[in-house]
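Notes to accompany the following structure.
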Amino acid sequence: MAVLGKLLKNRRAGQAGLAWNAPNLAGADTLALSSPDFAHETTIPTVHAAKRAGGEDLSPALTWTSVPEGAARLLLVVEDPDAPTPAPFIHCVALLDPSVTGVAQGALNDVDPPDGVRLLRSGVGRGYHGPAPIKGHGPHRYVFQLFALAKPVTRAAGGAALESARPRDVLAAAGDVLARGRLDGWYERA
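Residue numbers for the sequence shown follow the working numbering, beginning at -6 and rising by one.
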């Protein structure tokens, strides 16, 4: 598998395709998003990586502050812009009540999400799916993005129900961002 990673080393989706850079999700960068499990721009611990990458596929704990009054919903998106795919690979999409100020470790796994957390489809199922870059492809950036929305997302773009919608259609339907925050972590398989 390391040979494939080396062959694809220069093929990456790029940060331009992140939800963070979508015009409909632009907003003031005023949410303070953090994790007790890793700091911004540091390595994500292996426990949070996918099982096939040696981890436990356990979502990291996340906390945030400064959710503005008037926020109707929070949208959490985790993407890998270094995936050798046309667009960044989506590892998690969740809608959260604005009263939620954090999620515990493992809370974004699709077993029994806590009250106020609605897990939607990601690139490979529902809930959080940890880092699993191709061996030898180099370090991958994982971007945790939180958006405070003025209006709830009730349908995906094209009218699909949120539970069955493709992740990019959910992101396209979101908008009216009051505030947003970002936490980046790195993971690499040798």
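For each residue, glycine too, the CB sits at the ideal point set by N, CA and C.
Three-state secondary structure assigned by DSSP to residue i
i	result
N122	According to the sequence as given, residue 122 is His; it is not Asn. Looking at H122 - three-state DSSP - the assignment turns out to be coil, as it is neither helix nor strand.
G(-2)	Any reading at G(-2) needs caution, since the residue's pLDDT is 40, under 50, leaving its predicted position unreliable; the model's value is listed next. Looking at G(-2) - three-state DSSP - the assignment turns out to be helix.
D30	coil
V163	helix
V104	coil
L18	helix
T39	helix
G168	coil
Q138	strand
R187	The first residue shown for the chain is -6 and the last is 183, placing residue 187 beyond what the model contains.
R114	strand
A12	helix
A46	helix
L51	coil
L176	strand
A97	coil
Environment of residue i [buried if 16+ CB atoms lie within 10 Å]
i	result
P186	Missing from the structure shown is residue 186; the chain here goes from -6 to 183 and no further.
E72	buried
V104	exposed
Anticipated Cβ contact below 8 Å, residue i with residue j, distance rounded
i	j	result
A19	V170	6 Å
V70	Q138	5 Å
_Taking 8 Å as the cut-off, does the stretch 149 to 168 touch the stretch 25 to 32 (at least 3 CB pairs, one atom from each stretch)?_
Touching, no.
*Is the stretch 89 to 104 close to the stretch 124 to 131, with three or more CB pairs under 8 Å?*
As far as the Cβ criterion goes, the stretch 89 to 104 does not touch the stretch 124 to 131, which means the pair count is below three.
*Evaluate contact between the stretch 158 to 176 and the stretch 52 to 62, counting only Cβ atoms and requiring at least three cross-stretch pairs below 8 Å.*
Look at the beta carbons and you see the stretch 158 to 176 touching the stretch 52 to 62: at least three pairs across the two are nearer than 8 Å.
_the stretch 31 to 38 touching the stretch 4 to 16, judged by at least three CB pairs closer than 8 Å_ = No, the stretch 31 to 38 is not in contact with the stretch 4 to 16.
*Which whole runs of the beta strand (DSSP E) in the stretch 58 to 94 are 3 residues long or more, in chain order?*
Secondary structure remark: continuous beta strand (DSSP E) runs of at least 3 residues inside the stretch 58 to 94, in chain order: 66 to 73 and 82 to 89.
*Assess, as a yes-or-no matter, whether the stretch 41 to 57 is touched by the stretch 117 to 126 under the definition of 3 or more beta carbon pairs within less than 8 Å.*
Between the stretch 117 to 126 and the stretch 41 to 57 there are three or more inter-stretch CB-CB distances shorter than 8 Å, so the stretches are counted as touching.
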